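Asks: Sending over a structure as structure tokens; questions will come in a sec.
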Amino acid sequence: MTDTASGAPRVRFAPSPTGYLHVGGARTALFNWLFARNTGGTFILRIEDTDFERSSEAMVEGILEGMRWIGLDWDEGPFFQSQRLPLYQETAEKLVAAGHAYYCFCSKEELERRRAAAAAAGRPPMYDRRCRTLELDDIAERRAAGHACAVRFAVPEGSTFWDDAVFGRVEFANADLEDFVLLRSDGIPTYHLSVVADDIDMRLTHIIRGADHISNTPKQILQYRALGADLPIFAHVPLILGPDKTRLSKRHGATSVIAYKDMGIVPEAFRNFLALLGWSPGPQHKDRELFSSDELIRLFSLDGISKSNAVFDNDKLAWFNTEYIRAYDSAKLLPLIEEEWKAADVKPNRSQGEILAAIDLLKPRARNLKDFATSFRAYFTDRFEYDPAAVTRFLADATLPGLLQELGQRYAAATTLTEASAEEVLRAFAAEKGMKAGLLINGSRVALTGQAVAPSLFAVMALLGQERVVQRLSEVAQPPKAG
RNA sequence: GGCGCCAUGGUGUAAUUGGUUAACACGCCGCCCUCUCAAGGCGGAGAGUUCGGGUUCGAUCCCCGAUGGCGCUACCA
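In structure tokens:
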């Protein structure tokens, strides 16, 4: 018997491709990945596609896409359970031969009927184990006659417990476990069999998965024992809840990881946010929450995982996003912004240098990648619109357009336009007209950017350049239209 | 219903394995800065740790019970 719990850890993420990678799955994957990278272990990706009805190749691709987006790479796999069927069938036979499992000829319909009857009678709807005591020749006869049969695990007496890395000792009475199906009558394994067969075959040392699997664990431990395999360490991670504290689902809005990409979230922000949902790096690091990928890897440990479920907080995610966008290198941010432009049909007509300069200026006040394709449009293209609210707020005065046009002439007459000279010209003009500079500044902002909110006006002017400043100020009476 | 798990401000988490004015972050409120909005700086409100017992000189922390939430209860995973 080998000691699988020693040596370099081997962990896995084993999603079932019946949907896109959702945030709960993403966090489970992240924790496994963090643990593997922290310990120098191996991170395996295994696709649990034994439910042919609900699995699809598109979903597999969706899951891989989600993992790549948050930056999780795997060392082995992806393995597909649908291609490993012989292993499960052999394992089931082995269990039958050793007396730990048996053939069950009860049909699905029959079982359902009995379950309903039991429920009506107030009895627990567990399988009555009637096929457990079938005679050998009876079994042989039925099989020879071609009767379909499933393989069930023969749950022994007693109780089953383990020492969970997160929850501590957990124990179940075997009497509460039914003789669950290992192999369906069509020869396809159920989840209970395939996980165990694979986890043993792949020599996994730690099983880090959602807490929704706690009650499945005793069924799996029983199989390890029956198969004479060493137990891995189980670490169950609490679930992620929606704001109403029910399990996160489509009702709560975005549930797939890619949806957050589409919402303009930067992957590093999402990963940092996810890592801190249900895990903390300990008291010595409680003063901050921004951790680079390397720090996360260095700090990660199973005993930092909390036991209670966590509520997904969009506001906090938004905060991480602003922090990461601000810290992002502009050249690295550009490709992400370009995706947004593409999606919003924005076609920048600036040089690379101008674009990067604009990003430098704008990223400190961006909250989302989408900002670059919406409220920041005017910095990258000349096709933008005035925000009606901005006009109402800062351009309502009927005399303003005329004054701004006149101001535009002053800029046209200037020999150069720098941040400093832009300010000089405007303040001199304001003094000359005997008005507050703020009125002109705010009005100009709307004329130049279409928005009530922007970086410092004079920095914007310097960025836009003399020609555009003159152009946009002189056209203030006829706001540009997009399209 | 049965079985299991969990429970610290609105949210995420801390609190040297019993001794703290219960800490940090997000969010919220106010002030400063100021050409707008963020950011930033400063300050503030917000939990006496779900509730009730018990152990103890002393419980967020240990024990029991209740309540609530969540999970599982398939020839789904």
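In the numbering used here, the protein residues as written are -13 to 469.
C-beta: ideal position from N, C-alpha, C; glycine also.
From a predicted model like this one, the values you see are computed outputs, not experimental measurements.
1) What residue does the alpha helix (DSSP H) around Ser145 start on, and which one ends it?
2) Using only the alpha-carbon positions, how far apart do Gly469 and Phe66 sit?
3) Indicate the three-state DSSP secondary structure (helix, strand or coil) for Ser235 in the structure shown.
4) To the nearest angstrom, report how far apart Val332 and Val9 are at their CA atoms.
5) In angstroms with no decimal places, state the Cα-to-Cα distance between Leu348 and Ala400.
6) I'd like to know whether the C-beta atoms of Arg23 and Phe286 end up nearer to each other than 9 Å.
7) Indicate whether Lys302 and Phe256 have their beta-carbon atoms separated by less than 9 Å.
8) Can you say whether Asp299 is buried or exposed, counting buried as having 16 or more other CB atoms within 10 angstroms of its CB?
9) Roughly how many angstroms lie between the CA atoms of Pro466 and Gln437, to the nearest whole one?
10) So, for Asn18: in the same chain, excluding its five sequence neighbours on each side, which residues have a beta-carbon less than 7 Å away from its beta-carbon?
11) Output the residue ranges of the beta strand (DSSP E) runs that lie fully inside the segment 53 to 88 and measure 3 residues or longer, sorted by chain position.
12) Can you find the residues in the same chain that come closer than 8 Å, C-beta to C-beta, to Val455, ignoring five residues on each side of it along the sequence?
13) Short check: CB of Cys117 to CB of Tyr74, under 9 Å?
14) Can you tell me which of Asp165, Ile56, Leu320, Arg353 puts its alpha carbon nearest to the alpha carbon of Asn307?
15) Beta-carbon within less than 7 Å of Gly11's beta-carbon, same chain only, minus the 5 sequence neighbours each way: which residues are those?
16) According to DSSP, simplified to helix, strand and coil, what is Phe38?
17) With a floor of 4 residues, list each alpha helix (DSSP H) that falls wholly inside the segment 380 to 409, ordered by position along the chain.
18) If you follow the beta strand (DSSP E) that Gly28 is in, where does it begin and where does it stop?
19) If you run the structure through DSSP and keep just helix, strand and coil, what is Cys90?
20) Output the distance between the C-alpha atoms of Ser460 and Gly388, rounded to the nearest integer angstrom.
21) Assuming contact is defined by CB atoms lying nearer than 9 Å, are Glu157 and Met112 in contact in what I supplied?
22) For a quick check, are the C-beta atoms of Ile283 and Leu20 less than 9 Å apart?
23) Helix, strand or coil: how does DSSP classify Ser242 here?
24) Per the DSSP calculation, Gly196 is bridged to which residue(s)?
25) Just how far apart, CA to CA, sit Thr(-12) and Ala215?
26) Give the straight-line distance between the Cα atoms of Arg170 and Pro110, rounded to the nearest whole angstrom.
27) Considering only their Cβ atoms, is the gap separating Ala102 from Ile56 smaller than 9 Å?
28) For Ala(-9) and Phe220, what's the separation of their Cα atoms in angstroms?
29) Within its chain, find whatever has a CB closer than 6 Å to the CB of Gln209; leave out the 5 residues flanking it on each side and keep chain order.
30) By the three-class DSSP mapping on this structure, what secondary structure does Pro175 have?
31) How would you write the range of the alpha helix (DSSP H) that Leu169 sits in, first residue to last?
Replies: A quick look at the data gives this:
1) Here residue 145 refers to the residue found at position 159 when the first sequence is read from its first residue. Per DSSP, Ser145 belongs to no alpha helix (DSSP H); it is in the beta strand (DSSP E), 145 to 150.
2) Here residue 469 is taken as the residue at index 483 of the first sequence, counted from 1. Here residue 66 is taken as the residue at index 80 of the first sequence, counted from 1. Low local confidence applies: a pLDDT of 35 at Gly469 is under 50, so the model's placement there is unreliable, with the coordinate-based value given in what follows. In a straight line, the C-alpha of Gly469 is about 49 Å away from that of Phe66.
3) Mapped onto the first sequence, residue 235 falls at position 249. Three-state result, Ser235: coil.
4) What you label residue 332 is simply residue 346 of the first sequence in a count that begins at 1. What you label residue 9 is simply residue 23 of the first sequence in a count that begins at 1. Straight-line Cα distance between these residues: approximately 30 Å.
5) Here residue 348 corresponds to residue number 362 of the first sequence, with the count starting at 1. Here residue 400 corresponds to residue number 414 of the first sequence, with the count starting at 1. Answer to the nearest angstrom: the Cα atoms are 26 Å apart.
6) Here residue 23 corresponds to residue number 37 of the first sequence, with the count starting at 1. Here residue 286 corresponds to residue number 300 of the first sequence, with the count starting at 1. Contact: yes.
7) On the first sequence, position 316 is the one that residue 302 refers to. On the first sequence, position 270 is the one that residue 256 refers to. Not in contact: Lys302 and Phe256 (Cβ atoms no closer than 9 Å).
8) Here residue 299 refers to the residue found at position 313 when the first sequence is read from its first residue. With fewer than 16 other Cβ atoms within 10 Å, it is exposed.
9) If you number the first sequence from 1, residue 466 lands on position 480. If you number the first sequence from 1, residue 437 lands on position 451. Summary for Pro466: the model assigns pLDDT 49, below 50, so the residue's position carries little reliability; its value from the coordinates is reported in the next sentence. Pro466 and Gln437: Cα-Cα distance of roughly 13 Å.
10) Locating residue 18 in the first sequence gives position 32, counting from the first residue. If the five residues before and after Asn18 are omitted, its C-beta is found closer than 7 Å to the C-beta atoms of Val(-3), Arg(-2), Phe(-1), Phe29, Ile194, all from its own chain and listed in chain order.
11) 62 to 66
12) Along the first sequence, one-based indexing puts residue 455 at 469. Correct list, in chain order: Gly394, Tyr397, Leu403, Ala408, Leu434, Met447.
13) Within the first sequence, the letter at position 131 stands for residue 117. Within the first sequence, the letter at position 88 stands for residue 74. It is not a contact, given that the beta carbons lie outside the stated cut-off.
14) Here residue 307 refers to the residue found at position 321 when the first sequence is read from its first residue. Nearest of Asp165, Ile56, Leu320, Arg353 to Asn307, Cα basis: Arg353.
15) Position 25 of the first sequence, counted from the start, is the residue given in the question as residue 11. Taken in chain order, the residues that qualify are Pro1.
16) Translated into positions along the first sequence, residue 38 becomes position 52. Correct three-state label for Phe38: coil.
17) 386 to 399
18) For the purposes of this step, residue 28 is taken as the residue at position 42 of the first sequence. Checking the sequence shown, residue 28 turns out to be Thr, not Gly. From DSSP, the beta strand (DSSP E) with Thr28 extends over 28 to 33.
19) The residue given as residue 90 occupies position 104 in the first sequence. Here Cys90 sits in strand by DSSP.
20) As a first step, residue 460 is located in the first sequence; it is residue number 474 there, counting from the start. As a first step, residue 388 is located in the first sequence; it is residue number 402 there, counting from the start. Whole-angstrom Cα-Cα distance: 9 Å.
21) Taking the first sequence and counting its residues from 1, the one referred to as residue 157 is at position 171. Taking the first sequence and counting its residues from 1, the one referred to as residue 112 is at position 126. Contact flag unset, no.
22) For the purposes of this step, residue 283 is identified with residue 297 of the first sequence, where counting begins at 1. For the purposes of this step, residue 20 is identified with residue 34 of the first sequence, where counting begins at 1. For Ile283 and Leu20, yes; Cβs fall inside 9 Å.
23) Taking the first residue of the first sequence as 1, we reach residue 242 at position 256. Three-state result, Ser242: strand.
24) Taking the first sequence and counting its residues from 1, the one referred to as residue 196 is at position 210. DSSP output for Gly196 lists Val223 as bridge partner(s).
25) If you number the first sequence from 1, residue -12 lands on position 2. If you number the first sequence from 1, residue 215 lands on position 229. The pLDDT assigned to Thr(-12) is 42, lower than 50, so where the model puts this residue is not dependable, and the model offers no usable value.
26) Residue mapping note: residue 170 aligns to position 184 of the first sequence, counting from 1. Residue mapping note: residue 110 aligns to position 124 of the first sequence, counting from 1. Their backbone Cα atoms lie some 22 Å apart in a straight line.
27) Along the first sequence, read from residue 1 onward, the residue named residue 56 stands at position 70. Along the first sequence, read from residue 1 onward, the residue named residue 102 stands at position 116. No; because the gap between Cβ atoms is not below 9 Å, this pair is not in contact.
28) Along the first sequence, one-based indexing puts residue -9 at 5. Along the first sequence, one-based indexing puts residue 220 at 234. Because Ala(-9) carries a pLDDT of 46, less than 50, the predicted location of this residue cannot be relied on, and the following value inherits that uncertainty. Each residue's alpha carbon lies about 11 Å from the other.
29) Along the first sequence, one-based indexing puts residue 209 at 223. Correct list, in chain order: Val182.
30) In the first sequence, counting from the first residue as 1, residue 175 sits at position 189. If DSSP states are grouped into helix, strand and coil, Pro175 belongs with the strands.
31) Numbered from its first residue, the first sequence carries residue 169 at position 183. Premise fails: Leu169 lies in the beta strand (DSSP E), 167 to 169, not in any alpha helix (DSSP H).
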